[in-house]
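Presented below is the structure to which this report refers.
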Amino acid sequence: MEKKCPYCGSLIPEEASFCPRCAKSLNQRAQAKPPGRLAFRLLPGAGLLLAAVLFASAFYLYTRPKTYEGMGEITYADSNSSYQLVLNYLLEHRYSPEPVLNANIGGEDSYRTPCWLYINESSTGADAADAFMEKVDSVQIKIEQPDGSLSPVLCSEPEPLDFNPEAALGTLVDFTRESPSLSRILWIISMKNGDTIRLGMDLSLYKVEIHNYSSENADLSDSKALQALIDQIAEEIDYRDEVNITLPAVTYTEPLILHGPSINLTGSESGNGRTTFTAGIQMRDGASLISYLTGIDFKGNGTGVAISAAGRLWTKDCTFDGWKTALLVFGNVWANATDCTFTDNDIGLHYNSTDVSPSDSRFTGNIFAGNGTGVLLENVPAADLTLDFGQCLFENNETDLDNRCSQMVDLSEAVFR
42 MEKKCPYCGS LIPEEASFCP RCAKSLNQRA QAKPPGRLAF RLLPGAGLLL AAVLFASAFY
102 LYTRPKTYEG MGEITYADSN SSYQLVLNYL LEHRYSPEPV LNANIGGEDS YRTPCWLYIN
162 ESSTGADAAD AFMEKVDSVQ IKIEQPDGSL SPVLCSEPEP LDFNPEAALG TLVDFTRESP
222 SLSRILWIIS MKNGDTIRLG MDLSLYKVEI HNYSSENADL SDSKALQALI DQIAEEIDYR
282 DEVNITLPAV TYTEPLILHG PSINLTGSES GNGRTTFTAG IQMRDGASLI SYLTGIDFKG
342 NGTGVAISAA GRLWTKDCTF DGWKTALLVF GNVWANATDC TFTDNDIGLH YNSTDVSPSD
402 SRFTGNIFAG NGTGVLLENV PAADLTLDFG QCLFENNETD LDNRCSQMVD LSEAVFR
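Position 283 of the sequence shown, counting from 1, maps to 324 under the working numbering, and the rest follow consecutively.
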């Protein structure tokens with residue numbers, strides 16, 4: 042097949058690329074142009090845009106309000122400082138987070154325990170409550186617990202409480218034997234910058250079983266029988282349970298060792314007198330509840346110790362006569378004595394205990410008469426607590442009060458003769 046040359050009109054082969062007559066090329070060529078600069082202008086612009094987007098995203102993520110969650114402890118940092126927030130239910134434990142509060146519920150009508158919020162500067166551990174609270178908008182406490190409880194766990198509004206000035210805030214948590222066995226005390230702290238801190242402490246309640254013994258269901262006739270019962274209780278009964286023993290009006294002539302769960306001893310009275318111990322009681326550490334000793338006489342011969350307490354103790358309406366030391370509180374323990382009589386002892390009440398949370402400040406209604414020293418305070422584990430000796434009588438003691446540790450005491454309603 043042939044085609045015409047577009048220049049001279051001569052017939053030439055179809056596949057010819059030039060005309061042999063006029064010698065002109067038949068290929069259509071486009072003029073080459075230098076590379077455009079548009080791509081080079083677009084690429085730097087796209088990179089800057091991408092960088093701006095990434096920066097804006099990072100800035101938004103950094104500056105938007107955040108939520109911090111933790112149990113017992115949280116570290117919170119802003120642009121100026123870093124803070125350690127600690128929950129604990131004990132005094133003077135600002136560096137010891139407690140994610141769980143285990144409480145034993147006995148036979149009392151109601152129970153109350155504090156929950157403290159401590160604020161520490163993260164790097165130094167210094168108290169940072171004032172600086173932190175200036176940045177706080179509001180603080181709320183919510184009790185998370187099952188719906189429909191017959192006796193829900195309740196708490197007071199968070200606020201500074203005088204009896205623990207080290208804590209930034211405190212709340213008082215109330216519960217009963219019918220309260221849920223597991224709940225959560227949740228602190229919700231809203232910061233002025235929009236951040237939210239949710240700091241929790243679980244409240245775990247153990248419903249203490251109550252075991253009652255008397256001469257009707259146990260042999261309490263003498264020291265050996267009583268000690269055998271105490272040993273059996275220590276073997277068979279949960280250490281968190283409560284044990285009540287009503288003692289007959291007899292005299293126990295051998296030392297009694299209390300161990301295992303907390304044991305409450307209540308004396309009796311007959312025509313021959315009251316329940317009496319002449320060789321003393323030794324209390325070992327380990328019980329979780331207070332042991333109450335009520336209505337018992339301790340008669341000594343000028344030597345020994347009537348009660349040596351290494352476990353929590355409260356004596357009520359007891360008499361201590363003729364001991365080297367009537368009531369010795371030692372180790373890591375708190376003990377109270379109210380409405381008791383201390384006579385003719387070298388030392389009536391001797392306190393030498395450290396590192397424990399106090400049970401109560403009352404030492405009221407006691408009589409200290411004819412002792413070498415009525416009260417000796419060598420170490421008391423609550424320096425900021427004022428011991429109340431209201432309605433106490435100090436009479437004919439060589440020394441009424443030997444306050445070696447400079448403990449705060451209230452003697453304003455005590456009588457001295």
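In this text, a Cβ means the ideal position worked out from N, Cα and C, and glycines have one as well.
> Could you check where the alpha helix (DSSP H) with A275 kicks off and where it finishes?
Replying inline: Here residue 275 corresponds to residue number 234 of the sequence shown, with the count starting at 1. 264-277 is the span of the alpha helix (DSSP H), which, as asked, contains A275.
> Looking only at its own chain, which residues have a Cβ that is under 8 Å from the Cβ of L79, when we skip the five neighbours before and after it?
Replying inline: For the purposes of this step, residue 79 is taken as the residue at position 38 of the sequence shown. Bear in mind that the predicted position of L79 carries a pLDDT of just 45, short of 50, making it too unreliable to give a figure here.
> Excluding five sequence neighbours on each side, which residues of the same chain lie with their C-beta closer than 6 Å to the C-beta of S255?
Replying inline: Position 214 of the sequence shown, counting from 1, holds the residue named residue 255. Once the five neighbours on either side are set aside, the close Cβ partners of S255 are T287.
>> Nearest by alpha-carbon distance to S190: which of S224, V456, P140 is it?
In response: Residue 190 sits at position 149 when you count from the first residue of the sequence shown. Of S224, V456, P140, the residue nearest in Cα terms is S224.
>> Can you check which of these residues, S398, G314, A269, C433, is closest to E295 by C-alpha distance?
In response: Translated into the one-based positions of the sequence shown, residue 295 becomes position 254. Considering only alpha carbons, the answer is A269.
> Any chance the region 171-188 sits against the region 357-368, with 3 or more Cβ pairs inside 8 Å?
Replying inline: no
>> For A367 and G389, I'd like the C-alpha separation in whole angstroms.
In response: Locating residue 367 in the sequence shown gives position 326, counting from the first residue. Locating residue 389 in the sequence shown gives position 348, counting from the first residue. Cα-Cα distance, rounded: 5 Å.
> Does the count of Cβ pairs from the region 269-282 and the region 161-170 closer than 8 Å reach three?
Replying inline: no
>> According to DSSP, is D451 part of a helix, a strand, or is it coil?
In response: Taking the first residue of the sequence shown as 1, we reach residue 451 at position 410. Residue state, collapsed to three classes: strand.
> Since I226 and I115 are thought to touch, with beta carbons under 8 Å apart, how far apart are those beta carbons, to the nearest angstrom?
Replying inline: Position 185 of the sequence shown holds residue 226. Position 74 of the sequence shown holds residue 115. With a Cβ gap of about 14 Å, I226 and I115 do not count as contacting.
> So what's A170 in DSSP terms, helix, strand or just coil?
Replying inline: Taking the first residue of the sequence shown as 1, we reach residue 170 at position 129. Residue state, collapsed to three classes: helix.
> Which class does D443 belong to by DSSP, given the choice of helix, strand or coil?
Replying inline: If you number the sequence shown from 1, residue 443 lands on position 402. Reduced to three states, the DSSP call for D443 is strand.
> Does DSSP put V194 in a helix, a strand or coil?
Replying inline: Working through the sequence shown from its first residue, we reach residue 194 at position 153. V194 falls in the coil class under three-state DSSP.
> Can G111 and W157 be called in contact, C-beta distance under 8 Å?
Replying inline: In the sequence shown, residue 111 corresponds to position 70, counting from 1. In the sequence shown, residue 157 corresponds to position 116, counting from 1. Not in contact: G111 and W157 (Cβ atoms no closer than 8 Å).
> To the nearest angstrom, how far is it from the Cα of Q448 to the Cα of G235?
Replying inline: Start at 1 with the first residue of the sequence shown, and residue 448 comes out as number 407. Start at 1 with the first residue of the sequence shown, and residue 235 comes out as number 194. If I take the Cα positions, the gap works out to 45 Å.
> Excluding sequence positions up to five away, which residues of its chain have a Cβ less than 6 Å from the Cβ of A73?
Replying inline: Against the sequence shown, residue 73 aligns to sequence position 32. Annotation note: pLDDT 46 at A73 (below 50); position unreliable, no value reported.
> What residues in its chain sit with their C-beta under 8 Å from that of A144, if we drop five residues either side in the sequence?
Replying inline: Taking the sequence shown and counting its residues from 1, the one referred to as residue 144 is at position 103. Hits under 8 Å: Y152, T154, F216, L244, S245, L246, Y247.
> Distance, Cα to Cα, C433 vs A455?
Replying inline: Counted from its first residue, the sequence shown places residue 433 at position 392. Counted from its first residue, the sequence shown places residue 455 at position 414. For C433 and A455, the distance between alpha carbons rounds to 5 Å.
>> Classify E200: buried if its beta carbon has 16 or more other beta carbons within 10 angstroms, exposed otherwise.
In response: As a working mapping, residue 200 is identified with position 159 in the sequence shown. Looking at its Cβ environment, which holds fewer than 16 other Cβ atoms inside 10 Å, E200 is exposed.
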